[in-house]
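Numbering (UniProt numbering), first residue to last: 1 to 386.
Contents: one structure, followed by commentary.
This is the structure:
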């Protein structure tokens with residue numbers, strides 16, 4: 001899933017850990033590294049569900065020592081042990097490669113022992129890293145920070161959360177009825193369909209927010225290192241979204257941060273009711289890895305040709321820009337592959353739930369092919385008004 005800043009979220013559930021004697025800890029360590037490697041080049045968030053870590057499934061001291069040597073030889077092992085009660089997850093972040101772009105670590109259902117250990121060893125942890133850690137006593141607290149409904153939370157954790165709430169002293173506050181959602185404003189840009197935006201903007205095919213962010217980034221950001229990899233102030237992004245939704249003008253120069261328009265563009269795509277590549281194309285795109293390498297560009301072209309006209313035009317506009325960004329990769333370090341990792345799940349996602357880890361490979365490959373072979377894939381279809 002995503003957090004409220006558009007960063008990818010990785011979850012780790014202790015209750016899913018089998019007994020230590022049944023677990024191949026070498027493979028677990030490799031899987032941890034493999035999973036993190038999908039995201040560490042970009043800003044990301046981790047949610048750690050502590051419930052379920054017991055003496056039966058707690059990693060052994062020998063394994064922790066192996067993990068310590070694997071991830072970082074320069075940090076205190078005592079610190080590693082202290083952080084989240086010998087958690088596999090936090091050990092991973094002791095290595096600079098994994099720690100650098102970690103922007104938030106949410107520890108759900110922490111025990112008192114964890115908090116005591118953290119306070120003891122807090123002076124030994126960098127202040128910057130310490131600020132990234134947030135303790136959350138209840139699952140509902142997650143809603144303030146990320147898209148809760150996208151998370152795959154184990155039933156054991158949900159039941160544990162319910163038990164904790166029942167044990168609270170006194171009565172729970174009354175359930176507040178949520179009012180029905182308000183109809184979108186005529187000037188709304190975020191969270192509404194492409195058709196809605198078109199109808200409210202005199203038939204313009206390219207949404208204003210996309211046109212303005214792309215134009216600004218073409219002018220100011222093509223050679224910025226790490227473009228689209230970095231996040232921006234959450235409050236600033238909310239303020240800019242509000243301005244757009246109210247139909248007010250936005251001057252990105254006022255924010256003195258090139259990553260603001262970059263995040264706004266990604267946020268716009270992610271908040272579309274239906275992905276730009278449409279739900280109908282999801283399974284077709286997943287099949288791209290089964291196509292012979294020499295025929296993949298042709299297959300991409302066939303899938304794209306099946307898009308509705310409006311989606312095709314907007315996608316072509318976006319991919320043309322991303323192709324331009326990739327052409328400046330000697331400066332910005334954003335190759336087609338790097339851009340695909342950022343934009344893949346902003347362009348396509350399943351109708352129900354979230355994309356699995358195994359789906360990332362074909363989704364990112366498809367996006368990379370679109371960017372790399374833009375001229376070939378988009379050269380044979382012209383849409384009136386484009």
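For every residue, glycine included, the Cβ atom is placed at its ideal position computed from N, Cα and C.
Beta carbon of residue 110 nearer than 8 Å to that of residue 13: Taking the chain shown and counting its residues from 1, the one referred to as residue 110 is at position 110. Taking the chain shown and counting its residues from 1, the one referred to as residue 13 is at position 13. No, Cβ-Cβ distance for residue 110 and residue 13 is not below 8 Å.
In angstroms with no decimal places, state the Cα-to-Cα distance between residue 298 and residue 377. For the purposes of this step, residue 298 is identified with residue 298 of the chain shown, where counting begins at 1. For the purposes of this step, residue 377 is identified with residue 377 of the chain shown, where counting begins at 1. Their Cα atoms are separated by approximately 8 Å.
Would you check if there are 3 or more beta carbon pairs closer than 8 Å linking the stretch 310–321 to the stretch 210–219? yes
Starting from the C-beta of residue 397, find all residues in its chain whose C-beta is less than 7 Å away, skip the five residues before and the five after it, and write them out in chain order. The chain is shown only over 1 to 386; residue 397 falls outside these bounds and no answer can be derived.
Expected contact under 8 Å - CB spacing of residue 315 and residue 276 to nearest Å: For this step, residue 315 is matched to residue 315 along the chain shown. For this step, residue 276 is matched to residue 276 along the chain shown. Residue 315 to residue 276, Cβ: 6 Å. Contact.
Provide the residue(s) that pair with residue 146 in DSSP beta bridges, ordered along the chain. Along the chain shown, one-based indexing puts residue 146 at 146. According to DSSP, residue pairing for residue 146 in a beta bridge involves 3.
Bridge partner(s) assigned by DSSP for residue 403: The first residue shown for the chain is 1 and the last is 386, placing residue 403 beyond what the model contains.
Mind checking residue 259: buried by the 16 CB within 10 Å criterion, or exposed? Start at 1 with the first residue of the chain shown, and residue 259 comes out as number 259. By the 10 Å Cβ count, residue 259 comes out buried.
Could you pull out every residue in the same chain whose Cβ sits closer than 7 Å to the Cβ of residue 230, ignoring the five residues on either side in sequence? Taking the first residue of the chain shown as position 1, residue 230 is located at position 230. Closer than 7 Å at Cβ, skipping near neighbours: 43 and 259.
Could you name the residues of the same chain whose beta carbon sits closer than 6 Å to that of residue 317, not counting the 5 residues immediately before and after it, in chain order? For the purposes of this step, residue 317 is taken as the residue at position 317 of the chain shown. So the qualifying residues of the chain are 206.
Cβ separation of residue 185 and residue 245, assumed to be a contact under 8 Å, to the nearest whole Å: For the purposes of this step, residue 185 is taken as the residue at position 185 of the chain shown. For the purposes of this step, residue 245 is taken as the residue at position 245 of the chain shown. With 8 Å as the limit, residue 185 and residue 245 qualify as a contact, their Cβ atoms being about 6 Å apart.
Spell out a yes or no on whether the stretch 193–202 and the stretch 303–314 are touching, meaning 3 or more CB-CB pairs, one atom from each, closer than 8 Å. Short answer: they touch.
Bridge partners - residue 45, DSSP secondary structure assignment: Locating residue 45 in the chain shown gives position 45, where the first residue counts as 1. Bridge partners of residue 45: 9 and 104.
Counting only the same chain and skipping the five closest in sequence on each side, list residues whose C-beta sits under 7 Å from that of residue 208. Residue numbering aside, residue 208 sits at position 208 when the chain shown is read from its first letter. Once the five neighbours on either side are set aside, the close Cβ partners of residue 208 are 189 and 201.
Buried/exposed call for residue 128, threshold 16 Cβ in 10 Å: The residue you call residue 128 lines up with position 128 of the chain shown. Exposed: under 16 other Cβ atoms inside 10 Å.
Relative to the C-alpha of residue 203, which residue among 296, 140 and 313 is closest? Counted from its first residue, the chain shown places residue 203 at position 203. Closest option to residue 203, Cα to Cα, is 313.
Rounded Cβ spacing between residue 132 and residue 151 (contact assumed at less than 8 Å): Within the chain shown, residue 132 is the residue found at index 132, counting from 1. Within the chain shown, residue 151 is the residue found at index 151, counting from 1. About 19 Å separates the two Cβ atoms, so there is no contact after all.
Since residue 322 is in the beta strand (DSSP E), which residue starts that stretch and which ends it? Here residue 322 refers to the residue found at position 322 when the chain shown is read from its first residue. It is not in any beta strand (DSSP E) - residue 322 instead sits in the alpha helix (DSSP H) that spans 309–327.
Is it true that the stretch 155–168 meets the stretch 367–376, where meeting means three or more beta-carbon pairs spaced less than 8 Å apart? no
Which listed residue (247, 240 and 265) has its alpha carbon closest to that of residue 254: Counting from one through the chain shown, the residue named residue 254 turns up at place 254. Ranking the options by Cα distance to residue 254, first place goes to 240.
Can you find the residues in the same chain that come closer than 8 Å, C-beta to C-beta, to residue 267, ignoring five residues on each side of it along the sequence? For this step, residue 267 is matched to residue 267 along the chain shown. Contacts found: 6, 190, 237 and 241.
Simplified DSSP assignment, three categories, for residue 278: Locating residue 278 in the chain shown gives position 278, where the first residue counts as 1. Coil at residue 278, not helix or strand.
Measure the beta-carbon distance from residue 303 to residue 348 and round it to whole angstroms, keeping in mind my assumption that it falls under 8 Å. Taking the chain shown and counting its residues from 1, the one referred to as residue 303 is at position 303. Taking the chain shown and counting its residues from 1, the one referred to as residue 348 is at position 348. At roughly 10 Å, the Cβ-Cβ gap does not stay under 8 Å, so residue 303 and residue 348 are not in contact.
Whole-angstrom distance between residue 182 and residue 336, CA atom to CA atom: For the purposes of this step, residue 336 is taken as residue 336 along the chain shown, with counting starting at 1. For the purposes of this step, residue 182 is taken as residue 182 along the chain shown, with counting starting at 1. Rounded to the nearest whole angstrom, the CA to CA distance from residue 336 to residue 182 is 39 Å.
Run through DSSP, which three-state label would residue 377 get? Here the question's residue 377 lines up with position 377 in the chain shown. Residue 377: helix per DSSP, three-state reduction.
Determine the burial state of residue 78: buried for a count of at least 16 other Cβ atoms within 10 Å of its Cβ, exposed for fewer. The sequence position of residue 78 within the chain shown is 78, counting from 1. In this predicted model, residue 78 has a pLDDT of only 34, less than 50, meaning its place in the structure is not dependable; the value taken from the coordinates is given anyway. That one is exposed.
Cross-strand partners of residue 136 (DSSP beta bridge): Locating residue 136 in the chain shown gives position 136, where the first residue counts as 1. Note: residue 136 sits in a beta bridge opposite 108.
Among 375, 54, 103 and 158, which has the Cα closest to the Cα of residue 232? Residue numbering aside, residue 232 sits at position 232 when the chain shown is read from its first letter. The shortest C-alpha separation from residue 232 is found at 103.
Going by alpha carbons, who is nearest to residue 328 out of 224, 11 and 353? Within the chain shown, residue 328 is the residue found at index 328, counting from 1. Checked all of 224, 11 and 353; the closest Cα to residue 328 is 224.
To the nearest angstrom, how far is the alpha carbon of residue 140 from that of residue 156? Looking up residue 140 in the chain shown gives position 140. Looking up residue 156 in the chain shown gives position 156. Going from the Cα of residue 140 to the Cα of residue 156 covers about 15 Å.
Using C-beta distances below 8 Å, list every residue in its chain close to residue 391, excluding the 5 sequence neighbours before and after it, in chain order. Because the chain spans 1 through 386 in this model, residue 391 falls outside it and cannot be assessed.
Measuring CA to CA, which of 162, 346 and 301 is closest to residue 380? For this step, residue 380 is matched to residue 380 along the chain shown. Residue 301 is the option with its Cα nearest to residue 380.
Residue range of the unbroken alpha helix (DSSP H) whose run includes residue 271: One-based indexing of the chain shown puts residue 271 at position 271. Residue 271 -> no alpha helix (DSSP H), and no H or E assigned at all.
Does residue 109 have its Cβ less than 8 Å from a Cβ in chain D? No chain D appears in this structure, which consists of one protein chain only.
I believe residue 355 touches residue 365 by the beta-carbon criterion, under 8 Å. Please report the beta-carbon distance rounded to the nearest angstrom. Against the chain shown, residue 355 aligns to sequence position 355. Against the chain shown, residue 365 aligns to sequence position 365. Between residue 355 and residue 365 a beta carbon distance of about 13 Å is seen, past the 8 Å cut, so the two are scored as non-contacting.
Measuring alpha carbon to alpha carbon, tell me which of 243, 45 and 199 ends up nearest residue 134. Locating residue 134 in the chain shown gives position 134, counting from the first residue. If we check each option's Cα against that of residue 134, 45 comes out closest.
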